[in-house]
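Undergrad:
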Amino acid sequence: MKKDLSVRVSVRLFIFFVFLLNLFLTLSFAEKTDAGTGLVRLETSLAATETEGHELIRLAYSEKPVTKAGPAGADSSPKADRAGDSQEDAVESDPWEDEAESIDSIPDPLEPMNRAFFVFNDKLYFWFFKPVATGYNMVVPELGRMCIRNFFTNLTMPIRAISCLLQGKFEGFGIELVRFVVNSSAGFLGFQDVARQALDYQIQDEDLGQVFAFYGIGPVFYLNLPFLAASSLRDTAGWVGGLFINPLDYIVVDFWPNVGCRTVDMLNKTSLRIGEYEALKKASIDPYVAMRDAYYQYRLNQIEK
Amino acid sequence: MIFKHVLITTLIFLVTLVASGLSIAGEPTENIRKTTDKLIAIVSDPALKTSDKAKEKAQQIRKVVDERFDWEEMSKRTLARHWKKRTQKERAEFIVLFGELLERTYLDRVEGYSGEKVLYVGEKVKGKYAMVTVKIVTKNDTEILVKYRLKKKGGEWLVYDISIQGVSLVNNYRKQFNSIMTRSSYKDLIEKLKTKIETKN
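Order-wise, the sequence lines are chains A and B.
Quick note on the working numbering: the first sequence kicks off at 1 and runs consecutively.
Quick note on the working numbering: the second sequence kicks off at 1001 and runs consecutively.
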């Protein structure tokens, strides 16, 4: 039990460290770009959202000088963006309003920091994960990689099942339970997804971030942390919550084997997705904005379901 | 004897059911299917697989895509409020540049085709607008939901937006272009578009 606790504590410490790092980098970035022309500096109190209650500095790029300072001024800029994105004045709107992806965009007060981490993750991918995953691809055939993916997906059943339950999706909850029982037994510890192939029981794509959204919590702001994919404050909180109900931490309690398992999982996932990030980068003019918006739209679509 | 009758009537019923099921797929779906089938035929044509035929293949794909995509409508929707401020000449230039960028993006996706299954799962028509939902099942057993948005122009249904897994292409480019234009200028956007297209050659 002691070891089990130490893993959870170390994970929590890691997260806390990441948040501190964020804060530090944000502040140093804000100072560096302070003198730039055309930049309007707005100080926004994010005490309500940040645990430490620190003052974070929000940088807004704007053509027009913002007259109001403080939270009120900060509030007005996303609205202006929204109005700018509206397509009503240029073209007639199509009848898909009900399913149309929302036109507004996710607030991004930490953009300079997020952009820095985006560059970091980009390098991490091209210099480390991609070459390693490419090598791994040559050693492990695709079928084997799919089995490993299935194994880890099956393992994280509690996250999906609990997320279904918390949203009142009882059918999804039941499906997840049946999937787990069937795949863990007939599917050889989850290496085979027989529940989907034979019974057409689809994976319920639910997580704690979506649970928060279900109860009306917005994404708050965009967050692009090192080593992690594009996210928001809400979804990062959901991810952290997920760490506590991930059975991996209760089965593999030693620190290094635990990290090893997570690395294999991440590498395996990467190996199956080589080319996706490259395609996004190739097709976009501003890959950072493209990624941010793709994440936002994808999440909205997931939440709607 | 009665059993035979029952059997025949159920058979007839089943046949009509299947037939009506097939005819549910309306004009927009048929249009998308036609284009998709043409593209798959080009991509899997063994005569065009060699590297010296790459250019010819790209040209053929481009022709098929050009027939089905409404570049002007896409440009309008992408520039949104900025569209109004542009002169006729600027608009024409933008349509060409943006069309080229989109074509390349689409081309890459199409050329990556390796026997994925394409299923037509839904269609909605409202006046001159339509939406066709397609499910692509990849080799490693993942499903990708693609939605084509179409508008009727001169008897043909033309695509003005594609959304992949809920991410609309037009919306995504609109955010990028808007971000560039609010920070610098339209001229800068055109410069960036041009360099992007050149670097891909």
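We put the CB at the ideal spot given by N, CA and C, even for glycine.
These figures come from a predicted structure and were not determined experimentally.
Which residues does DSSP pair with residue 1161 of chain B in a beta bridge?
TA: B:1149
Undergrad: Suppose you measure from the CA of residue 1135 of chain B to the CA of residue 1116 of chain B; what does that come to, to the nearest Å?
TA: Their backbone Cα atoms lie some 10 Å apart in a straight line.
Undergrad: Kindly indicate the opening and closing residues of the alpha helix (DSSP H) around residue 1110 of chain B.
TA: 1088-1111
Undergrad: With distances taken Cα to Cα, identify the nearest neighbour of residue 1097 of chain B among B:1129, B:1038, B:1111, B:1078.
TA: B:1078
Undergrad: Is residue 1180 of chain B close to chain A? Criterion is C-beta to C-beta, closer than 9 Å.
TA: yes
Undergrad: Cα separation between residue 1057 of chain B and residue 171 of chain A?
TA: 48 Å
Undergrad: Short check: CB of residue 178 of chain A to CB of residue 194 of chain A, under 9 Å?
TA: no
Undergrad: Have a look at A:222, A:153, A:135 and flag the residue whose alpha-carbon is nearest the alpha-carbon of residue 110 of chain A.
TA: A:222
Undergrad: Run down chain B in chain order and give the residues with a C-beta less than 8 Å from the C-beta of residue 95 of chain A.
TA: 1126, 1127, 1129
Undergrad: Check the Cβ of residue 1175 of chain B against every Cβ in chain A and list those closer than 7 Å, keeping chain order.
TA: Chain-ordered, the chain A residues with CB closer than 7 Å to the CB of residue 1175 of chain B read 105, 289, 293.
Undergrad: Please state if the CB of residue 1168 of chain B and the CB of residue 297 of chain A are separated by a distance shorter than 9 Å.
TA: yes
Undergrad: Throw me the rounded Cβ distance for the residue 1128 of chain B and residue 1089 of chain B pair, which I believe falls under 8 Å.
TA: Actually they are not in contact, since the Cβ atoms of residue 1128 of chain B and residue 1089 of chain B sit about 28 Å apart, beyond 8 Å.
Undergrad: So who's on the other strand from residue 1069 of chain B, going by DSSP bridges?
TA: DSSP output for residue 1069 of chain B lists B:1159 as bridge partner(s).
Undergrad: Using DSSP with H/G/I as helix, E/B as strand and the rest coil, what is residue 166 of chain A?
TA: helix
Undergrad: Exposed or buried, residue 160 of chain A, counting other C-beta atoms within 10 Å across all chains shown (16 or more means buried)?
TA: buried
Undergrad: By the three-class DSSP mapping on this structure, what secondary structure does residue 998 of chain B have?
TA: There is simply no residue 998 of chain B to check, as chain B begins at 1001 and stops at 1201 in what is shown.
Undergrad: Count the other CB atoms, across all protein chains shown, that sit within 10 Å of the CB of residue 1171 of chain B; report buried if there are 16 or more and exposed otherwise.
TA: buried
Undergrad: So what's residue 224 of chain A in DSSP terms, helix, strand or just coil?
TA: strand
Undergrad: Do you know how far the Cα of residue 119 of chain A is from the Cα of residue 198 of chain A?
TA: Distance between the alpha carbons of residue 198 of chain A and residue 119 of chain A: 43 Å.
Undergrad: Could you tell me the distance, in whole angstroms, from the CA atom of residue 131 of chain A to the CA atom of residue 95 of chain A?
TA: 46 Å
Undergrad: Which residue marks the beginning of the beta strand (DSSP E) containing residue 1133 of chain B, and which one marks its end?
TA: 1129-1137
Undergrad: Measuring only the C-alpha atoms, how far is residue 116 of chain A from residue 200 of chain A?
TA: Rounded to whole angstroms, residue 116 of chain A to residue 200 of chain A spans 43 Å at the Cα level.
Undergrad: Between residue 204 of chain A and chain B, is there a C-beta pair that is closer than 9 Å?
TA: Closer than 9 Å: no.
Undergrad: Answer with buried or exposed for residue 209 of chain A, where buried requires no fewer than 16 other C-beta atoms within 10 angstroms of its C-beta.
TA: Buried.
Undergrad: Could you list which residues in chain B have their beta carbon closer than 7 Å to that of residue 110 of chain A, in chain order?
TA: The premise fails here: residue 110 of chain A is roughly 15 Å from chain B at the closest Cβ pair, so nothing lies under 7 Å.
Undergrad: Counting along the chain, where does the alpha helix (DSSP H) carrying residue 132 of chain A start and finish?
TA: 130-139
Undergrad: Assign residue 253 of chain A to one of three DSSP states: helix, strand, or coil.
TA: In this structure, residue 253 of chain A counts as coil in the three-state DSSP scheme.
Undergrad: Counting C-beta neighbours from all protein chains within 10 Å, is the total for residue 305 of chain A 16 or more, i.e. buried, or is it exposed?
TA: exposed
Undergrad: With 16 as the cutoff for other CB atoms within 10 Å, does residue 106 of chain A come out buried or exposed?
TA: Within a 10 Å sphere around the beta-carbon of residue 106 of chain A sit 16 or more other beta-carbons, which makes this residue buried.
Undergrad: Quick check on the burial criterion: 16 or more other C-beta atoms within 10 angstroms. Buried or exposed for residue 219 of chain A?
TA: With 16 or more other Cβ atoms within 10 Å, it is buried.
Undergrad: Could you give the residue range of the beta strand (DSSP E) that holds residue 1123 of chain B?
TA: Following the DSSP letters along the chain, one finds residue 1123 of chain B inside the beta strand (DSSP E) bounded by residues 1117-1126.
Undergrad: In the DSSP assignment, the beta strand (DSSP E) including residue 1041 of chain B goes from what residue to what residue?
TA: From DSSP, residue 1041 of chain B is part of no beta strand (DSSP E) but of the alpha helix (DSSP H) over 1027-1043.
Undergrad: Please state whether DSSP places residue 1143 of chain B in a helix, a strand or coil.
TA: Note: residue 1143 of chain B maps to strand in three-state DSSP.
Undergrad: Would you mind working out which of A:156, A:231, A:294 sits nearest residue 245 of chain A, comparing C-alpha positions?
TA: Here the closest residue by C-alpha is A:156.
Undergrad: Quick one: give me the first and last residue of the beta strand (DSSP E) that residue 230 of chain A is part of.
TA: Note, residue 230 of chain A: beta strand (DSSP E), 230-232.
Undergrad: Once the 5 residues before and after residue 1048 of chain B are set aside, which same chain residues still bring their CB inside 7 Å of it?
TA: 1042, 1056, 1057
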